[in-house]
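Chemist: Per the working numbering, the sequence shown runs over residues 23 to 330. Glycine included, C-beta positions come from ideal geometry on N, C-alpha and C. Model, not experiment: these values are computed from the prediction. Mind having a look at this structure? Questions to follow.
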Amino acid sequence: MSVPSTLLVLTHGGAGASAAHADGCQRAAVVGLSTLLRKGSALDAATAAAVVLEDDDRFNAGTGSNLRLDGRTIQMDAAVATSEGGYGAVGAIERVKNPILVARTVLGSPHALIVGQGATALARRIGHADYDPTTPRARAKLDRALSILRQAGVAPDQEPAAARWQGGVRERLWNFDDGCDTIGAVARAQGGTFAAACSTGGTLLMLRGRVGDSPIYGAGLYAGPAGAVCATGIGEEIIRHLLSRSVYEWIAGGTPVGEACRRGVDLFPGTVDVGLIAVAESGGGAAANRPMPVGRAEASPPAAQGLD
Ligand code: GLY
Numbered sequence: 023m024s025v026p027s028t029l030l031v032l033t034h035g036g037a038g039a040s041a042a043h044a045d046g047c048q049r050a051a052v053v054g055l056s057t058l059l060r061k062g063s064a065l066d067a068a069t070a071a072a073v074v075l076e077d078d079d080r081f082n083a084g085t086g087s088n089l090r091l092d093g094r095t096i097q098m099d100a101a102v103a104t105s106e107g108g109y110g111a112v113g114a115i116e117r118v119k120n121p122i123l124v125a126r127t128v129l130g131s132p133h134a135l136i137v138g139q140g141a142t143a144l145a146r147r148i149g150h151a152d153y154d155p156t157t158p159r160a161r162a163k164l165d166r167a168l169s170i171l172r173q174a175g176v177a178p179d180q181e182p183a184a185a186r187w188q189g190g191v192r193e194r195l196w197n198f199d200d201g202c203d204t205i206g207a208v209a210r211a212q213g214g215t216f217a218a219a220c221s222t223g224g225t226l227l228m229l230r231g232r233v234g235d236s237p238i239y240g241a242g243l244y245a246g247p248a249g250a251v252c253a254t255g256i257g258e259e260i261i262r263h264l265l266s267r268s269v270y271e272w273i274a275g276g277t278p279v280g281e282a283c284r285r286g287v288d289l290f291p292g293t294v295d296v297g298l299i300a301v302a303e304s305g306g307g308a309a310a311n312r313p314m315p316v317g318r319a320e321a322s323p324p325a326a327q328g329l330d
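Given below as structure tokens:
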């Protein structure tokens, strides 16, 4: 008789986010676990945990997302993936409370990734009301970044000067102490099925239309029969490394989960914020090169507890 998998949910609040926000990640993990205990799927659990993090305005996803350089626009990315090959994502979606729920709807659609106005229109079509995710904290964060840019002689509101933040200024700004990035959740359900969910308001300085790694299959997230992986950090770098898929392959090849996450982080120079969480049959793990709040909740399945 096979031993039933322990139910397990791991969450993160972003590489560079404050460790003081770990309570929000733990709350999200517990909500994910209670979804599993009610016989929800790994996808249900990862999605439920991601909603909690999107609704917590301390994190850069959903409510609390970063503003774009114009100081008005918020464009968010989100995705879900399952060990059965399911994948759905939205990019640059606007004025929606929970982008992760729209991504989940895309998973059940004929498409994999829907972006921009089409994504927002889809959200309205399925009942997501118009919602402004802007918070005073997000506005203050952008204002502070812009003031540092101006002090550095870069005028981000004047094209083509905006592109000049790449010349070393970008790296300085993306290392704010209160930097905060993608949120993510990975879940293992009874029977050893897995899912990943991630959502983000993007990086601190972004042009309109910029999409990061979070909705990109294999970059921001990946799931397969061996487990599920979520990445956080600077999307442009994570995409180039196809990071979540790389970590998944190591796990599938027998590398312990925590070691695979560490190996993934070590692909990057110290100037690049990056973090990973992953779950596999053997357990869960996390690694980051910045403070990264993490939540973890685990329980025996109801059958093993005699509650079935
Ligand atoms: N990792 C989130 C982003 O780069 O958009």
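So what's residue 102 in DSSP terms, helix, strand or just coil?
Modeler: Of the three classes helix, strand and coil, the one that applies to residue 102 here is strand, per DSSP.
Chemist: DSSP on residue 53, reduced to helix/strand/coil?
Modeler: Three-state DSSP puts residue 53 in a helix.
Chemist: Could you tell me which of 58, 61, 33, 39 sits nearest to residue 49, measuring between CA atoms?
Modeler: Checked all of 58, 61, 33, 39; the closest Cα to residue 49 is 33.
Chemist: Do the region 122-142 and the region 223-230 touch if we need at least three Cβ pairs shorter than 8 Å?
Modeler: Judged by Cβ distances under 8 Å, the region 122-142 makes no contact with the region 223-230, as fewer than three pairs qualify.
Chemist: In its own chain, which residues sit with a C-beta less than 6 Å from the C-beta of residue 307, not counting the 5 before and 5 after it?
Modeler: 279, 280, 283, 300.
Chemist: What did DSSP end up calling residue 254 once you bin it into helix, strand or coil?
Modeler: Of the three classes helix, strand and coil, the one that applies to residue 254 here is strand, per DSSP.
Chemist: Okay, do the region 139-146 and the region 64-72 touch, 3+ Cβ pairs below 8 Å being the bar?
Modeler: Touching, no, given that fewer than three Cβ pairs across the two stretches are closer than 8 Å.
Chemist: Does at least one heavy atom of the ligand GLY sit under 8 Å from the Cβ of residue 236?
Modeler: Result yes, Cβ under 8 Å from the ligand GLY.
Chemist: Is it buried or exposed for residue 161, if we count other Cβ within 10 angstroms and need 16 for buried?
Modeler: Exposed, because fewer than 16 other Cβ atoms sit within 10 Å of the Cβ of residue 161.
Chemist: What are the complete alpha helix (DSSP H) segments, minimum 4 residues, inside the region 125-180?
Modeler: Qualifying alpha helix (DSSP H) stretches, in chain order: 138-147, 158-173.
Chemist: Using a Cβ-Cβ cutoff of less than 7 Å, which residues in the same chain neighbour residue 248 once the five nearest sequence positions on both sides are dropped?
Modeler: Closer than 7 Å at Cβ, skipping near neighbours: 270, 273, 274, 302.
Chemist: Check whether the Cβ of residue 253 lies closer than 8 Å to any heavy atom of the ligand GLY, and answer yes or no.
Modeler: The answer is yes for residue 253.
Chemist: Since I believe residue 69 is in contact with residue 219 (beta carbons under 8 Å), could you give me their beta-carbon distance rounded to a whole number of angstroms?
Modeler: Between residue 69 and residue 219 the Cβ distance is about 5 Å, and since that is below 8 Å, they are a contact.
Chemist: Once you ignore the five residues that flank residue 57 on each side, which residues in its own chain have a CB closer than 6 Å to its CB?
Modeler: Excluding sequence neighbours, residue 57 sits near 66, 67, 70.
Chemist: Taking all protein chains shown into account, do 16 or more other C-beta atoms lie within 10 angstroms of the C-beta of residue 263, making it buried, or fewer, making it exposed?
Modeler: Residue 263 is buried by the Cβ-count criterion.
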